[in-house]
Amino acid sequence: MVKRILLIMFSLLAAAVILIPISLFYILNNGNPYHKYLVNKHIPQHLVELGYPEEDIIEQAYLQPKHPINNDVYHGHYKVVFADEPQLEYLYGFTKKGKNVVQFCQKETLIAPRHYGEMTTDETKHSEEDCIGYFDNRD
């Protein structure tokens, strides 16, 4: 009986030693899966509610930045490229408090595929009135 208990305890310890580092490595590289689910569920729905048909959007995707962003939103966010402004990537986030979709005031300026210029805060066609700063509230 004691051997069986020791075997179970050793097995649980071995599983923890193996699974915890693997889980941490996954989350550090790919982001929190729950946050990704929330962002992918609510932001496309927000765009539909604003009246954007699929034809107006060239690209939309979840992003996991490697640098700190605004702490009011989940770390993973969403990029949207509209057909009438293909040189700009609009960035959206999902707030931790209130669970609301927000647009970041900063937009990525696309120079060439995967090459970006300075971020812009200028008023553009698809800018929303209530936006938050991408780099605000970072500790």
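Numbering (the working numbering), first residue to last: 19 to 157.
Note that the Cβ used here is the ideal one computed from N, Cα and C, for glycine as well.
Since the model is a prediction, treat every value here as computed from it, not as a measurement.
Asked, Found
"Using the DSSP secondary-structure output, state which residues sit across from residue 103 in a beta bridge.", "100"
"Measure the alpha-carbon distance for residue 94 versus residue 100 and round it to whole angstroms.", "20 Å"
"Let me know if residue 112 comes out buried or exposed under the rule of 16 or more other beta-carbons within 10 Å of its beta-carbon.", "buried"
"Determine the DSSP secondary structure at residue 147, reduced to helix, strand or coil.", "coil"
"Is residue 98 near residue 80, with beta carbons less than 8 Å apart?", "no"
"Quick check on the DSSP output: the beta strand (DSSP E) that includes residue 61 runs from which residue to which?", "Here residue 61 belongs to no beta strand (DSSP E); instead the alpha helix (DSSP H) covers 51–67."
"How would you write the range of the beta strand (DSSP E) that residue 113 sits in, first residue to last?", "Unbroken run through residue 113: none, as it is neither H nor E."
"So, do the segment 101–120 and the segment 131–144 have three or more beta carbon pairs nearer to each other than 8 Å?", "yes"
"Between which two residues does the beta strand (DSSP E) carrying residue 122 extend?", "119–130"
"Reducing DSSP to helix, strand and coil, say where residue 77 ends up.", "strand"
"What are the residues that DSSP puts in a beta bridge with residue 95?", "81"
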